[in-house]
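Report on the following structure.
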Amino acid sequence: MQPAKRVNIVSLKLVREASVLYRERRVQSPEDAYKLLKPFLADADREVFVVVCLDTKNQPTAIHVCHVGSLNASIVHPREVFKSAILANAASVLVAHNHPSTDPTPSREDIDVTRRLVEAGRIVGIELLDHVVVGGERFVSLKEKGYV
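Those letters in the sequence shown? Residues 7 to 154, per our numbering, in order.
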């Protein structure tokens with residue numbers, strides 16, 4: 007007979023590491039998202055994928071750097087994106103990442119990830135509002151391109 011298996015009892019919580027002031031208070035457009043996230047993305051030398059958790063009034067409640075990739079790739083899984091959103095009790099999210107090349111044109115992978123996130127959000131009940139790709143001083147909204 008095998009000995010009993012020990013099962014850990016756990017709790018989950020978000021830990022605030024820092025905060026930023028956001029004067030506009032609400033994210034109402036892709037440009038608002040770009041302005042909020044530019045400090046996190048514009049000068050990064052690798053791809054950085056960020057999740058913004060929003061309340062029912064589209065006010066950001068949390069920003070989570072979900073993944074840091076390589077010079078030209080970032081593998082993002084829906085479970086990692088929605089983990090912080092669920093813990094933050096987000097009504098919706100928007101995601102963004104940078105292209106260190108400074109060309110914000112979405113790649114095929116960017117479009118595929120966006121479609122997977124839309125579907126995952128539908129399943130967990132947290133809407134993906136947009137996916138913004140930042141390239142230097144420019145950005146592209148995948149919602150405006152029809153992918154969200």
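Yeah, the Cβ is synthetic: ideal placement off N, Cα and C, and Gly gets one too.
Local conformation of residue i per DSSP, three classes
i	result
S90	helix
G141	strand
V82	coil
L100	strand
V154	coil
Beta-carbon proximity list for residue i, same chain, < 8 Å, skipping 5 on both sides
i	result
R32	D38, K63, N64, Q65
D116	H103, H137, V139, L148
G211	Residue 211 is absent from the model: the chain starts at 7 and stops at 154.
Cutoff 7 Å; reference residue i; Cβ partners in own chain excluding five residues on either side
i	result
Q34	N64
E23	none
E150	P36
A126	P84, F88
Selected residue, minimal CA-CA separation from residue i, among the options
i	options	result
P106	H83, L47, V82	L47
V54	L42, H73, L43, K44	H73
T111	L148, L123, V124, S98	L148
V57	E143, L100, L123, E133	L100
L27	L42, L20, E143, F145	L42
D51	F145, V124, G75	G75
E86	L123, Y153, I15	L123
R114	I15, G131, G141, Y153	Y153
Residue i burial status per 10 Å Cβ neighbour count (16 or more: buried)
i	result
T211	As displayed, the chain neither begins before 7 nor continues past 154, which places residue 211 out of reach and without an answer.
N95	exposed
L18	exposed
S98	buried
V146	buried
I129	exposed
V21	exposed
Own chain, CB closer than 6 Å to residue i, minus 5 neighbours either side, in chain order
i	result
T67	C59, D61, A94
S90	V57, H70
So within the segment 11-67, which uninterrupted beta strand (DSSP E) runs reach at least 3 residues, ignoring any that extend past its ends?
Whole beta strand (DSSP E) segments, 3+ residues: 54-60.
As an exercise, report each continuous alpha helix (DSSP H) stretch of at least 4 residues that is fully enclosed by the segment 102-141, in chain order.
If we require 4 residues or more, the alpha helix (DSSP H) runs fully inside the segment 102-141 come out as 114-130.
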